[in-house]
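A.B. asks: Let me give you the structure first, and then I'll get to my questions.
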Ligand code: CA2
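Numbering (the working numbering), first residue to last: 18 to 161.
Written out as C-alpha cells, the structure reads:
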C-alpha cells in the first residue's frame with residue numbers, strides 16, 4: 018500500500034481561483050488536488066486533500082494523520098498560520114512531520130503575516146511558488 022500524505026488547507030482556500038489571482042494564482046483547490054494526485058502516483062504516494070474554514074477541524078485532522086499513520090502532512094493553514102497556537106500545539110503533539118505550504122510568500126507581504134506559528138513546529142516549508150508550492154512540498158514529503 019502507498020504511503021499516505023494528508024494535504025490540509027485552511028480558511029478561504031476553498032475560494033482559490035475566484036479572486037486575487039495576482040497573489041494566489043488562478044488554479045482552484047480542486048485543480049491543485051488533481052496536480053497532487055498526478056505527482057503522488059509517480060512518487061508512489063497517496064494524497065488526501067481537505068479544506069476547512071474551521072480551526073478545530075484542522076486540529077482534528079492533524080490528530081487523525083497521526084492515528085492513521087500518515088507519512089507526512091502538507092499544511093497550508095491560511096491566516097491561521099499567523100494566529101493559531103492551537104495548530105502549533107497540535108503539530109507538536111504528533112510525530113508525523115508537517116510541511117508548511119503557502120502559495121504566496123508571506124514574508125514579503127504585510128507585517129502581520131511575518132509570524133508563523135505553524136513554522137515554529139514544522140519540519141519544512143515551501144512558499145511563494147503558487148500551486149507549485151504544494152507539488153514541491155509533496156516531493157519533500159516523499160524524500161522524508
Ligand atoms: O499564501 C498562502 O498560501 C496563504 O496561506 C494564503 C492565506 C493567507 O492568509 C496567508 O497569509 C498566506 C489566505 C488565503 C485566502 O485565499 C483566498 C482565496 C481566494 C480569494 C481570496 C483569498
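All C-beta atoms in this analysis are idealised placements derived from N, C-alpha and C, irrespective of residue type, glycine included.
#1: Quick one, which of 117, 132 and 126 has its alpha-carbon nearest residue 157's?
#2: Residue 119 and residue 150: beta carbons closer than 8 Å?
#3: Taking the alpha helix (DSSP H) that residue 49 belongs to, which residues open and close that run?
#4: Quick one: residues in its chain with C-beta nearer than 6 Å to the C-beta of residue 26, no 5 flanking neighbours on either side, listed in chain order?
#5: Compute the minimum distance between the beta carbon of residue 37 and the heavy atoms of ligand 1, and state whether it is under 7 Å.
#6: Just curious, the beta strand (DSSP E) that residue 117 is in, first and last residue?
#7: Tell me whether residue 98 counts as near ligand 1, meaning its Cβ is closer than 7 Å to at least one heavy atom of that ligand.
#8: In its own chain, which residues sit with a C-beta less than 7 Å from the C-beta of residue 114, not counting the 5 before and 5 after it?
#9: Here's the rule I'm using: 16 or more other beta-carbon atoms within 10 Å means buried, otherwise exposed. How should residue 38 be labelled?
#10: How many angstroms separate the CA atom of residue 144 from the CA atom of residue 101?
#11: In this structure, does DSSP put residue 143 in helix, strand or coil?
C.D. replies: Straight from the coordinates:
#1: Ranking 117, 132 and 126 by Cα distance to residue 157 puts 117 first.
#2: When the beta-carbon positions are compared, residue 119 and residue 150 come within less than 8 Å of each other.
#3: Unbroken alpha helix (DSSP H) run through residue 49: 46-59.
#4: For residue 26, same chain residues with a beta-carbon under 6 Å away, outside a window of 5 residues either side, are 68 and 93 in chain order.
#5: Residue 37: yes, Cβ under 7 Å from ligand 1.
#6: Segment 115-119, the beta strand (DSSP E) holding residue 117.
#7: Yes, ligand 1 has a heavy atom inside 7 Å of this Cβ.
#8: Excluding positions up to five away in sequence, the list reads 89, 140 and 161.
#9: Its Cβ having fewer than 16 others within 10 Å, residue 38 is exposed.
#10: Inter-residue distance for residue 144 and residue 101 is about 19 Å (C-alpha atoms, whole angstroms).
#11: If DSSP states are grouped into helix, strand and coil, residue 143 belongs with the strands.
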